[in-house]
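Novice:
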Amino acid sequence: MSAESPGPKSGFKSFFSNALRPKKSRQTLRKGGSRSTTDLRQAVRPSLDDAPPMPDMAPLQVHRMKYQAQHANLDSQLGERQDYTTIIHSIGCLEMDDTTGPADIHDPNRKPGEGDIAKLSSRLWAHVAWYLDPASAASLAVSSSTLYHRLGPWYLQALEAPQNREYKMQFLIGMEISLPHHLLCFQCGRYHRRTQEGVERIRPAHVLNPLFKCPEVTNMLNPQARTRITHGRTLPFTFVQLATRAHKYGPQYGISVEDMGRRWQRDNWSHASRFFIHEGRLLMRVTSQTFAAAALPPASMRMLLFSREDYWPYFSACAHWRDGELMAVCKCALGHIPEPRDTGGLQGLEHKVKDRIAGQRFDPNSLTTLCGFCRPMRRCPECPSEYLTEVKLCEDKSDPRRLVFKQAIVVTRWTDLGDGSTPNCLQWGAINGKRDDFDSFQHYAKRGIASVFEAAFTADTLPGQRVLSMNPKKKKLGEAGDTWY
Ligand SMILES: [Zn+2]
Ligand SMILES: [Zn+2]
Ligand SMILES: [Zn+2]
1 MSAESPGPKS
11 GFKSFFSNAL
21 RPKKSRQTLR
31 KGGSRSTTDL
41 RQAVRPSLDD
51 APPMPDMAPL
61 QVHRMKYQAQ
71 HANLDSQLGE
81 RQDYTTIIHS
91 IGCLEMDDTT
101 GPADIHDPNR
111 KPGEGDIAKL
121 SSRLWAHVAW
131 YLDPASAASL
141 AVSSSTLYHR
151 LGPWYLQALE
161 APQNREYKMQ
171 FLIGMEISLP
181 HHLLCFQCGR
191 YHRRTQEGVE
201 RIRPAHVLNP
211 LFKCPEVTNM
221 LNPQARTRIT
231 HGRTLPFTFV
241 QLATRAHKYG
251 PQYGISVEDM
261 GRRWQRDNWS
271 HASRFFIHEG
281 RLLMRVTSQT
291 FAAAALPPAS
301 MRMLLFSRED
311 YWPYFSACAH
321 WRDGELMAVC
331 KCALGHIPEP
341 RDTGGLQGLE
351 HKVKDRIAGQ
361 RFDPNSLTTL
371 CGFCRPMRRC
381 PECPSEYLTE
391 VKLCEDKSDP
401 RRLVFKQAIV
411 VTRWTDLGDG
421 STPNCLQWGA
431 INGKRDDFDS
441 FQHYAKRGIA
451 SVFEAAFTAD
461 TLPGQRVLSM
471 NPKKKKLGEA
481 GDTWY
């Protein structure tokens, strides 16, 4: 502020002096402010006490510190750590040594880990084994010679205890992959050399067909696990083992499922079996048929369906066949076979006239239609078995006249024989009535065994078959029940 300026001046002179006076802003920029006598600092800052406190750091530096704290010393461009202490610490934690990387089991040239195993003491390995079940502990002990020296023979000896039998079998099953020429025998709990390697065939039940030499073979108190296919035909569990092993590990481990199918005839019934592996489990289909006359009395129906030897049906059936409606379904289907008519004489003429009036032609070879009770497929609620009963026209090849077709009852059973690991497995146990914890309607809620099986062989699936329970009321009378006979 100029000293001349304060105070209003009147008159012409003062008007000009005010008009020509330089602007305030120019005055402040002028260097030195030479003519100013007023203390400018005093004018701007009247007192130091009223001023805001001075910050400890420049605002830019504060921002930089905050940024660094937030980004944990990572280089914003390269993402690298800028803190050397952290770098050295992380090297120690991650063990950047190439020789101790994770084991790549698919690498055939990987170095043996014996050195690493040997680094740990016997006491520590024993502590590791303590957490495992007897089968896994024994497997650990025999996995390498170093481990065997660390753990000793104790874990193998423990498997011989009678209460550890299940674990012993588990341990032996685990060795399957290294023994293609042997088969695990569940009677004596050891591997036997296959005596018919590659040419094992299912034979009738009365033919001795040992697949290995076993001291327990004649022990009637400890019989070999087998399931009944049809009357006079059984399937030893060893065949389920062979089929599933070949599927899992390769053809030298067993036999192919294509070679297992058979056709045979017995007691006027002809049977055909076929096998298929689905999701590691062996499925079997057995089709059994016999010619049946029309209007059979109940006694003849029994003669046709049941074997006189053991009072089991001639066709393939699970352990639960007596309970429920399976036999009633078969008898109902037999009742639908059309009766042949007397085409000669007066009665024949009468039939012909009646047919002509009704506008129909009698055909003794017409298709038989079953009713709502016997047509649907039946599923055993307690085991993986499905049954379908049909009445079909089949050629009788035993008739000397050519091309003679007769009505026949055809009973097909589809079943799941399990994964072949042990005779105690869920499916094998259930079909033989050894287990009661199987709910087939829960296991096959989405897709039945028959549907899975047939889809594998034919391009189009089975026509939508209704599946009903074989034993809807789940009554269990077994032999005591009289409805089956
Ligand atoms: Zn044996
Ligand atoms: Zn019917
Ligand atoms: Zn059953």
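Take the sequence shown: its position 340, counted from the start at 1, is 340 in the UniProt record's numbering, and no numbers get skipped. Ideal Cβ placement from N, Cα and C applies to all residues, glycine included.
Taking the Cβ atom as the reference point for each residue, do PRO381 and SER440 lie within a distance shorter than 8 Å?
Specialist: If you number the sequence shown from 1, residue 381 lands on position 381. If you number the sequence shown from 1, residue 440 lands on position 440. Contact: yes.
Novice: Considering Cα atoms alone, identify which of LYS474, PHE453, ASN432 and PRO338 is closest to ALA408.
Specialist: For the purposes of this step, residue 408 is identified with residue 408 of the sequence shown, where counting begins at 1. Taking only the C-alpha atoms, the option nearest ALA408 is PRO338.
Novice: Note down the Cα distance separating ASP259 from HIS192, rounded to an integer number of angstroms.
Specialist: Mapped onto the sequence shown, residue 259 falls at position 259. Mapped onto the sequence shown, residue 192 falls at position 192. If you take the alpha carbons of ASP259 and HIS192, they lie about 22 Å apart.
Novice: So, using beta-carbon positions, are LEU235 and ILE277 closer together than 8 Å?
Specialist: The residue labelled residue 235 in the question sits at position 235 within the sequence shown. The residue labelled residue 277 in the question sits at position 277 within the sequence shown. Contact: no.
Novice: Which residue's Cα is closest to the Cα of THR422: THR230, ALA317, LEU183 and SER136?
Specialist: Working through the sequence shown from its first residue, we reach residue 422 at position 422. The option with the nearest alpha carbon to THR422 is LEU183.
Novice: Using only CA atoms, which one of VAL353, LYS392 and THR412 lies nearest to ARG378?
Specialist: The residue labelled residue 378 in the question sits at position 378 within the sequence shown. Selected option, being the one with the closest Cα: THR412.
Novice: Which one of ILE255, MET284, PRO134 and CYS330 has the shortest CA to CA distance from PRO161?
Specialist: One-based indexing of the sequence shown puts residue 161 at position 161. Note on identity: in this sequence residue 161 is Ala, with Pro being the wrong assignment. The candidate whose alpha carbon is nearest that of ALA161 is PRO134.
Novice: Any idea what DSSP makes of TRP130, helix, strand or coil?
Specialist: The residue given as residue 130 occupies position 130 in the sequence shown. Helix at TRP130.
Novice: Along the chain, where does the beta strand (DSSP E) containing residue 489 start, and where does it finish?
Specialist: The chain is shown from 1 up to 485; residue 489 falls before or after that span and cannot be answered.
Novice: Over what stretch of residues does the beta strand (DSSP E) that includes HIS192 continue unbroken?
Specialist: Taking the sequence shown and counting its residues from 1, one reaches residue 192 at position 192. Taken as a continuous stretch (DSSP letters only), the beta strand (DSSP E) holding HIS192 covers 190 to 193.
Novice: So is the beta-carbon of CYS371 under 7 Å away from any non-hydrogen atom of ligand 5?
Specialist: Summarising the ligand content, the structure contains ligand 1, ligand 2 and ligand 3 and does not contain ligand 5.
Novice: Return the chain-ordered list of same chain residues with a C-beta closer than 6 Å to the C-beta of ILE177, the five sequence neighbours on each side being excluded.
Specialist: Along the sequence shown, one-based indexing puts residue 177 at 177. If we look at ILE177 and ignore the five residues flanking it on each side, its Cβ neighbours are TYR249.
Novice: What does the Cβ neighbour count give for LYS475, buried or exposed, with the cut at 16 atoms within 10 Å?
Specialist: The sequence position of residue 475 within the sequence shown is 475, counting from 1. Exposed.
Novice: Could you compute how far the alpha carbon of THR223 sits from the alpha carbon of PHE239?
Specialist: Along the sequence shown, one-based indexing puts residue 223 at 223. Along the sequence shown, one-based indexing puts residue 239 at 239. Reading the sequence as shown, one finds Pro at residue 223 and not Thr. Cα to Cα, the separation comes out at about 15 Å.
Novice: Contact between the segment 425 to 442 and the segment 380 to 394 is defined here as three or more beta-carbon pairs at a separation below 8 Å; is this criterion met?
Specialist: Because the criterion of three Cβ pairs below 8 Å is met, the segment 425 to 442 and the segment 380 to 394 touch.
Novice: Three-state secondary structure (DSSP) at VAL391?
Specialist: Looking up residue 391 in the sequence shown gives position 391. The answer is strand: DSSP assigns VAL391 an E or B state.
Novice: Would you report the Cα separation of CYS185 and CYS394, rounded to the nearest angstrom?
Specialist: Taking the sequence shown and counting its residues from 1, the one referred to as residue 185 is at position 185. Taking the sequence shown and counting its residues from 1, the one referred to as residue 394 is at position 394. Near 43 Å, if we compare the C-alpha coordinates of CYS394 and CYS185.
Novice: Excluding the five sequence neighbours on either side, which residues of its own chain have a C-beta within less than 7 Å of the C-beta of ALA292, listed in chain order?
Specialist: As a first step, residue 292 must be located in the sequence shown, where it is residue number 292. LEU304, LEU334, ILE337, GLN407, ALA408 and ILE409.
Novice: Just reading off the beta strand (DSSP E) that SER178 is part of, what are its end residues?
Specialist: In the sequence shown, counting from the first residue as 1, residue 178 sits at position 178. It is not in any beta strand (DSSP E) - SER178 carries neither H nor E in the DSSP assignment.
Novice: Please state whether DSSP places SER469 in a helix, a strand or coil.
Specialist: For this step, residue 469 is matched to residue 469 along the sequence shown. Residue state, collapsed to three classes: strand.
Novice: How big is the Cα-Cα spacing for CYS214 and TYR167?
Specialist: Numbered from 1 along the sequence shown, position 214 holds the residue referred to as residue 214. Numbered from 1 along the sequence shown, position 167 holds the residue referred to as residue 167. Approximately 21 Å between the Cα atoms of the pair.
Novice: Let me check understanding here. Comparing Cα to Cα, which of PHE315, TRP264 and PHE275 lies closest to SER256?
Specialist: Sequence index remark: in the sequence shown, residue 256 carries index 256 (1-based). Checking every option, the nearest Cα to that of SER256 belongs to PHE275.
Novice: At a threshold of 7 Å, does HIS192 count as lining ligand 1 (C-beta to nearest heavy atom)?
Specialist: The residue given as residue 192 occupies position 192 in the sequence shown. HIS192 Cβ: within cutoff of ligand 1.
Novice: Leaving aside the five residues before and after GLN484 along the sequence, list all residues of the same chain whose C-beta is less than 6 Å from its C-beta, in chain order.
Specialist: In the sequence shown, the residue the question calls residue 484 occupies position 484. Reading off the sequence shown, one finds Trp at residue 484, where the question assumed Gln. For TRP484, where only same-chain residues beyond five positions count, the Cβ hits under 6 Å are ARG322 and MET327.
Novice: For the beta strand (DSSP E) holding VAL410, just list the boundary residues, first then last.
Specialist: Locating residue 410 in the sequence shown gives position 410, where the first residue counts as 1. Element bounds for VAL410: 405 to 416.
Novice: Could you check where the beta strand (DSSP E) with GLY277 kicks off and where it finishes?
Specialist: In the sequence shown, residue 277 corresponds to position 277, counting from 1. Going by the sequence as given, residue 277 is Ile instead of Gly. Counting along the chain, the beta strand (DSSP E) containing ILE277 begins and ends at 269 to 278.
Novice: One question on the structure: do ALA129 and ALA118 come within less than 8 Å of each other, judged by their Cβ atoms?
Specialist: Residue numbering aside, residue 129 sits at position 129 when the sequence shown is read from its first letter. Residue numbering aside, residue 118 sits at position 118 when the sequence shown is read from its first letter. No, Cβ-Cβ distance for ALA129 and ALA118 is not below 8 Å.
Novice: Flag this pair as yes or no: are the beta carbons of LEU388 and ALA450 separated by less than 8 Å?
Specialist: For the purposes of this step, residue 388 is taken as the residue at position 388 of the sequence shown. For the purposes of this step, residue 450 is taken as the residue at position 450 of the sequence shown. Yes, these two residues count as a Cβ contact at 8 Å.
Novice: Tell whether a beta-carbon distance below 8 Å holds between SER273 and ILE229.
Specialist: The residue given as residue 273 occupies position 273 in the sequence shown. The residue given as residue 229 occupies position 229 in the sequence shown. Yes, Cβ-Cβ distance for SER273 and ILE229 is below 8 Å.
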